[in-house]
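So for the sequence shown, UniProt numbering puts the first residue at 1; every next one is plus one.
Since the structure comes first, as structure tokens, the remarks are kept for the end.
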Amino acid sequence: ESFSDVIEGKEGRFRETLLGKRVDYSGRSVIVVGPSLSLHRCGLPREIAIELFQTFVIRGLIRQHLASNIGVAKSKIREKEPIVWEILQEVMQGHPVLLNRAPTLHRLGIQAFQPILVEGRAICLHPLGCKGFNADFDGDPM
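If you want it as structure tokens, here you go:
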């Protein structure tokens, strides 16, 4: 059984166990146009990014001896210290994010993007990247 067989269809990993349920390391927001973005990038709001990559940021703070334990690292994240955003930028470079727009009826309904931090609370996408999602910018959430 190939990897694509495991994840596609109604009995696949995404539709069977993940979509439509509460999942850790996920977020939901409205999409807005980001014409200055490359096709392979998406703009991720700071609030969502810090939630998705919190464990990596905590590990980075501890490894760089900026926090002595998890509790101290979490307080630095809560206080939004500048070093947190620097570590988050480094972490995000090596970790693509999966964007999904319901209903996920075919394989283009979930796509991977390289995230970059953006201000605000909306996810930014290049207009040409929306065809597979059948999305537009009139308030569609992802």
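We put the CB at the ideal spot given by N, CA and C, even for glycine.
Whole angstroms is fine: what's the gap from residue i's alpha carbon to residue j's?
{"i": "F137", "j": "N69", "result": "42 Å"}
{"i": "A81", "j": "A67", "result": "The sequence as given places Glu at residue 81; Ala does not occur at that position. Going by the C-alpha atoms only, they are around 12 Å apart."}
{"i": "L58", "j": "V97", "result": "As written in the sequence, residue 58 is Ile, which differs from the Leu given in the question. In a straight line, the C-alpha of I58 is about 19 Å away from that of V97."}
{"i": "A135", "j": "Q89", "result": "27 Å"}
{"i": "M92", "j": "L99", "result": "15 Å"}
{"i": "G43", "j": "H126", "result": "9 Å"}
{"i": "E86", "j": "L108", "result": "32 Å"}
{"i": "A122", "j": "G94", "result": "22 Å"}
{"i": "A49", "j": "I62", "result": "19 Å"}
{"i": "R78", "j": "C130", "result": "33 Å"}
{"i": "T55", "j": "Y25", "result": "10 Å"}
{"i": "G27", "j": "L52", "result": "8 Å"}
{"i": "S29", "j": "V118", "result": "13 Å"}
{"i": "K76", "j": "V84", "result": "7 Å"}
Assign residue i to one of three DSSP states: helix, strand, or coil.
{"i": "L44", "result": "strand"}
{"i": "P35", "result": "coil"}
{"i": "L66", "result": "coil"}
Are there 16 or more other CB atoms within 10 angstroms of the CB of residue i, so buried, or fewer, so exposed?
{"i": "P45", "result": "buried"}
{"i": "L128", "result": "exposed"}
{"i": "A73", "result": "buried"}
{"i": "G71", "result": "exposed"}
{"i": "G34", "result": "buried"}
{"i": "G139", "result": "exposed"}
{"i": "E120", "result": "For the record, residue 120 in the displayed sequence is Gly; it is not Glu. With fewer than 16 other Cβ atoms within 10 Å, it is exposed."}
Run through the DSSP bridge pairs and tell me what residue i is partnered with.
{"i": "V97", "result": "F113"}
{"i": "L118", "result": "At residue 118 the sequence reads Val, which differs from the Leu that was named. P45."}
{"i": "L125", "result": "V33, C42"}
{"i": "L82", "result": "In the sequence under discussion, the amino acid at residue 82 is Pro, which differs from the Leu named in the question. In DSSP, P82 forms no bridge with anything."}
At a cut of 8 Å, does the region 34-49 reach the region 108-116 through at least three beta carbon pairs? yes
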